[in-house]
Amino acid sequence: MPLPDYALCVGINRYPGLTPLQGAEADAQAFYDWVTSTGGVSQANAKLILSAQFSAGAQVANAKPASQEIWDFFETLRAAATANNANTTFGLTAGRRLYLFFSGHGFSPTVDASGVLMANAERDTPHNLSPKAWADRFYENGLLEEILLFQDACREQVSDVDVTPPYFKKSVMPGWRNRKRFYAFAAKSPLLAIEKPIAGIVRGVFSATLMAGLKGAARHPVTGEITETQLKSYLMANMSALMSSVELANDDYSQRPEVLDLDPFVIVPAASAAAAGATSFALPTSPATFPVRVAMSGSGAGAKIFDGARNLVGTSPSGVTEWNLELPLGFFELAVPGQDGKLFKVSGAHDSTGQPEVVHVG
Amino acid sequence: MSAEHQLTIQSADPTAEITVYDASFNRVARGVGGYRGSHPDALYEIRVRTAGTQEGQLISLAGDKTVNVGPVAFASPVPLTDTTTTDPAHEAAVLRACEAPISVGSGSGLLIVVRDPSGGEPSTRPGSPATGLSLIGADGTAVYDVGKKAAIDASGRSPVAAILVHVNAGVYRLRMELPNQPSRERSLVASPGWTTQCFMIRRSFREQAAADLAHGSLSLSQLGRPFAADDKRTRLSEAASYALANNRKVTQAAARALMEEKFQDPMLGLLVGHLLLRDTPEASILGEVVGNLIKLLGSEHPDVQALMLAASSPDAPSSVTQMPMLRASWDAIVARTLTQPSLVPAQSPAALVSARVLPSAPWLTWEAADAPTARQADAKMAVLRGFLNRPAEPSLEGAAQYRDFSFSAPSPPTLDTEDRAELARSLGVPSSVLDDMLSKLDK
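In the order they appear, the protein sequences are chains A and B. Counting in the numbering used here, the first sequence runs from 534 upward without gaps. Counting in the numbering used here, the second sequence runs from 4 upward without gaps.
Here you go:
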């Protein structure tokens, strides 16, 4: 029997000691729904933790989820690893893949560290958990083979708060070469992640983009897979498409996520990506091609476009000053007789109206 | 099957991280400082990253090809050429400061520069960029009021404050005092024959604008040598300090660059020493780096002492009394206190602030010991309480259990060696401070 996959999805809207959020729970719910369907994690191995699951009247100090609720899930991983060690040939390994999804208030004491505030946090007692520190610890300990971390939280620079370290002990287990990590944060330090109504529901901009990508928009048009590179490219190119011009003009708001694509691997296989279905908001789910506008100098006669592998993908119509065509993601070369070739890239970016961005050449 | 061609990439930045992507956006090659390999005839994208800034270019590999990549224009607190923050007015202001040093001692120099960010809209922030900044001795005595006395130049798009102070060799502190906020400090070590150049950017902190102590730039130049905006060593140090703070893997390239500079740049040496300790602690070059640093800066320099301790140098000090400049140095000292609790002697300047270390990188900062509203110690206590609320470790079957029927007062929570190391590193506190915090939990 193969090793199972696990998922922890945490969304915290209710912070009795801080300003509340509106979209964090919807983000976590959306990720949970995806990961337990397309993502292939059984519901028995997936944990959804929302602040709405706990009493609303609790004092700040007793508000939940606190670290304890998160740790409970981590303890199930430890128990699974212990059981595998005793009963199978897998060794001290809990599973194949772990998805960690966190949405809530966050902060960043240094550029390389960040924490998500728990529901019992206050300004002077900032109870927090560092998903990245835990993900790193699972990776170091070899508790899982693949760790995917998605964190939709601000990384405002709060330089007087230390992140709480993971309490699992560090142990360096063999098998480093086979382990893989992919971490994506809504913001890099010290920027703010924003939430806003998207298709009638308040969502984190990062999470909404992530879900569109995982549901198929980030898949490669040829292979159909979503690899770490495809997902990173999609997130980097498209998060800003869900932001208004006013939001884009605010230097404190994150327009692009911070993505650490540390190892090459397939995040969503081709069949799963194709079956994921559409999102309910503006970003398209399966962009096969994107518009390209080539400004022709002279007659433009005989201009040709070749793809990254030198295959001819288009020949210009004669007598036009502007050549409009549709091309898939990739690199291309425009060859015009008597001129140097021009290289261009179709990145799959969308504009702020959700429409594919036109690639201008020449 | 398409032909293979040789692709050679040469970067002007020795520590530039180079990645090659194919037309499916898959990563097909990586290198640091340069790359050489063969690939099929096709189109590729080369991305080059230095100090957090990435630039890309598409190439057509139709035959063997050499691509020369220029210096990446990253943002720097130093008005270096080939950066996005280069500024002739700021460079001129720094040069003027170098020509008219203030003397409160001799033998060493401290160049302190605070810039408003260049570019974009002209700055409208009032007052000196160095407002609230002062230079003090390690014992707290005032040395120079940078905020009030440093020359301000507002001829460019944004103002800059710059001052060169000649001092006796020793450990000094830069202190930032702002209304209604705890004072913060960092170390500036003045080494004999060297000028320590500290560049900072003025940023907004809770509606107040002030020099950002934690994220500036430090470099060392020989005493009397004026600031040089095209100094490639300073550029290298910038990239190396970014790598240290952001866990970028450029250690071997940085070490090679240091060797090519004949180990003559002490700041680069300190940074490479810590990168080696982090990534390849067994590397034989580490001892050479530490040995050269002792020759250049002396064994009294707290950052050199930290490297001597971490590298298990036979001449490693038995005590460290001053705060180092780098957070990585402090982490090395803290780690050593777990087996050598007396390393930071009680009542030493370092011990007096060691409970108030802030989580900054790459530079070490802390709340001042006499700050009336200091609360850093309480924040650390909250983290400690959170850590100790963890579930109990599963007990080992058959392990012996102790029974204790005594009526003695409850003892502090016990932590094993690994827990103590984890907490000391995360909180940035030496062993003695951790024990003190644990004892307070019971009260």
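Ideal Cβ placement from N, Cα and C applies to all residues, glycine included.
is_contact[S14(B), chain A] using C-beta, thresh 8 Å: Numbered from its first residue, the second sequence carries residue 14(B) at position 11. With 8 Å as the cut-off, S14(B) does not count as an interface residue toward chain A.
Per-residue contacts from E866(A) into chain B (C-beta, under 7 Å): Walking along the first sequence from the start, residue 866(A) turns up at place 333. Taking a Cβ-Cβ threshold of 7 Å, the residues of chain B close to E866(A) are L46, S63, in chain order.
H893(A) classed as buried or exposed, judged by whether at least 16 other C-beta atoms fall within 10 angstroms: The count along the first sequence starts at 1 and reaches residue 893(A) at position 360. Result: exposed.
Counted within 10 angstroms of its Cβ, other Cβ atoms place R228(B) as buried (16 or more) or exposed: For the purposes of this step, residue 228(B) is taken as the residue at position 225 of the second sequence. When all chains shown are included, R228(B) counts as exposed.
Rounded C-alpha distance that separates E7(B) from A96(B): Counting from one through the second sequence, the residue named residue 7(B) turns up at place 4. Counting from one through the second sequence, the residue named residue 96(B) turns up at place 93. Roughly 53 Å separates the two Cα atoms.
Proximity below 8 Å, CB of D794(A) to CB of K748(A): Numbered from 1 along the first sequence, position 261 holds the residue referred to as residue 794(A). Numbered from 1 along the first sequence, position 215 holds the residue referred to as residue 748(A). Going by C-beta atoms, D794(A) is not nearer than 8 Å to K748(A).
At least three beta-carbon pairs within less than 8 Å, the stretch 17-28 of chain B to the stretch 844-855 of chain A: No, the stretch 17-28 of chain B does not touch the stretch 844-855 of chain A.
Cβ-based burial, P344(B) [other Cβ within 10 Å; buried from 16]: Sequence index remark: in the second sequence, residue 344(B) carries index 341 (1-based). Answer is exposed; the Cβ neighbour count stays below 16.
Closest residue to P362(B) among D840(A), S636(A), Y700(A), V696(A) (Cα-Cα distance): The sequence position of residue 362(B) within the second sequence is 359, counting from 1. Closest by alpha carbon: V696(A).
Coarse secondary structure for E558(A), derived from DSSP in three states: Reading the first sequence from its first residue, position 25 is the one you call residue 558(A). E558(A) falls in the helix class under three-state DSSP.
Bridge partner(s) assigned by DSSP for P889(A): Counting from 1 along the first sequence, the entry for residue 889(A) is found at position 356. H883(A).
Contacts that V386(B) makes with chain A (C-beta to C-beta distance below 7 Å): Stepping through the second sequence from its first residue, residue 386(B) is reached at position 383. Close to V386(B), with beta-carbon spacing below 7 Å, are these residues of chain A in chain order: D695, T697.
Residues near T84(B) by beta carbon distance below 7 Å, same chain, minus five either side: Against the second sequence, residue 84(B) aligns to sequence position 81. Cβ neighbours of T84(B) beyond the five flanking positions: A232, D233.
Closest by C-alpha distance to L650(A), when choosing among M744(A), V644(A), S636(A): Position 117 of the first sequence holds residue 650(A). With distances taken between Cα atoms, L650(A) lies closest to S636(A).
Neighbourhood of A821(A) by C-beta, 7 Å cutoff - its chain only, sequence neighbours within 5 removed: As a first step, residue 821(A) must be located in the first sequence, where it is residue number 288. P754, P861, listed in sequence order.
Simplified DSSP assignment, three categories, for F635(A): Here residue 635(A) refers to the residue found at position 102 when the first sequence is read from its first residue. Three-state DSSP puts F635(A) in a strand.
For S398(B), three-class secondary structure by DSSP: Start at 1 with the first residue of the second sequence, and residue 398(B) comes out as number 395. Caution applies to S398(B), whose pLDDT of 39 falls short of 50 and renders its modelled position unreliable; the value that the coordinates give is listed next. Coil at S398(B), not helix or strand.
Which listed residue (G863(A), N857(A), V869(A)) has its alpha carbon closest to that of S836(A): As a working mapping, residue 836(A) is identified with position 303 in the first sequence. A small correction: the amino acid at residue 836(A) is Ala; Ser does not occupy that position in the sequence shown. When only C-alpha atoms are compared, the closest one is V869(A).
Supposed close pair Y47(B), I62(B) - CB separation, criterion 8 Å: Your numbering for residue 47(B) matches position 44 in the second sequence. Your numbering for residue 62(B) matches position 59 in the second sequence. Rounded, the Cβ-Cβ distance is 5 Å, consistent with contact.
Residue-level contact to chain D via CB, H638(A), 8 Å cutoff: Absent from the structure: chain D. Protein chains present are A and B.
Under 8 Å from the C-beta of A248(B): neighbouring residues of chain A: As a first step, residue 248(B) must be located in the second sequence, where it is residue number 245. Within 8 Å Cβ-Cβ: T643, V644, D645.
Nearest-angstrom Cα separation, counted from D560(A) out to A153(B): The count along the second sequence starts at 1 and reaches residue 153(B) at position 150. The count along the first sequence starts at 1 and reaches residue 560(A) at position 27. Roughly 50 Å between the two C-alpha positions.
Own chain residues within Cβ distance below 6 Å of L554(A), not counting five before or after: In the first sequence, counting from the first residue as 1, residue 554(A) sits at position 21. So the qualifying residues of the chain are N546.
E859(A): CB within 7 Å of a non-hydrogen atom of the ligand NAD: Looking at this structure, you won't find the ligand NAD or any other ligand, since it has none at all.
Contained alpha helix (DSSP H) runs [length at least 4] in the stretch 225-251 of chain B, N- to C-terminal order: 235-249
For I1(B), the first and last residue of its enclosing beta strand (DSSP E): Outside the shown range of chain B, which is 4 to 446, sits residue 1(B), and nothing can be said about it.
Distance CB(L289(B))-CB(A314(B)) smaller than 8 Å: In the second sequence, counting from the first residue as 1, residue 289(B) sits at position 286. In the second sequence, counting from the first residue as 1, residue 314(B) sits at position 311. Yes; because the gap between Cβ atoms is below 8 Å, this pair is in contact.
Enclosing beta strand (DSSP E) for M179(B) [first to last residue]: As a working mapping, residue 179(B) is identified with position 176 in the second sequence. For M179(B), the uninterrupted beta strand (DSSP E) segment begins and ends at 173-179.
Opposing strand residues paired with K713(A) [DSSP bridges]: Here residue 713(A) corresponds to residue number 180 of the first sequence, with the count starting at 1. K713(A) is bridged by DSSP to E679(A).
Three or more C-beta pairs below 8 Å linking the stretch 154-161 of chain B and the stretch 135-145 of chain B: no
Chain B contacts from the stretch 827-861 of chain A (Cβ-Cβ distance under 7 Å): D840, G841, A842, R843
Min CB distance S429(B) to chain A below 8 Å: For the purposes of this step, residue 429(B) is taken as the residue at position 426 of the second sequence. So, interface residue.
Cutoff 7 Å; reference A319(B); Cβ partners in own chain excluding five residues on either side: Along the second sequence, one-based indexing puts residue 319(B) at 316. Contacts found: M311, L312.
Where E608(A) meets chain B, residues with beta-carbon distance less than 8 Å: Sequence index remark: in the first sequence, residue 608(A) carries index 75 (1-based). Under the 8 Å cutoff, chain B gives P394.
Terminal residues of the beta strand (DSSP E) in which L860(A) lies: Here the question's residue 860(A) lines up with position 327 in the first sequence. Looking at the DSSP string, the run of the beta strand (DSSP E) that includes L860(A) is 855-860.
Whole-angstrom distance between A619(A) and S244(B), CA atom to CA atom: Here residue 244(B) refers to the residue found at position 241 of the second sequence. Here residue 619(A) refers to the residue found at position 86 of the first sequence. Spanning the two alpha carbons is a distance of roughly 45 Å.
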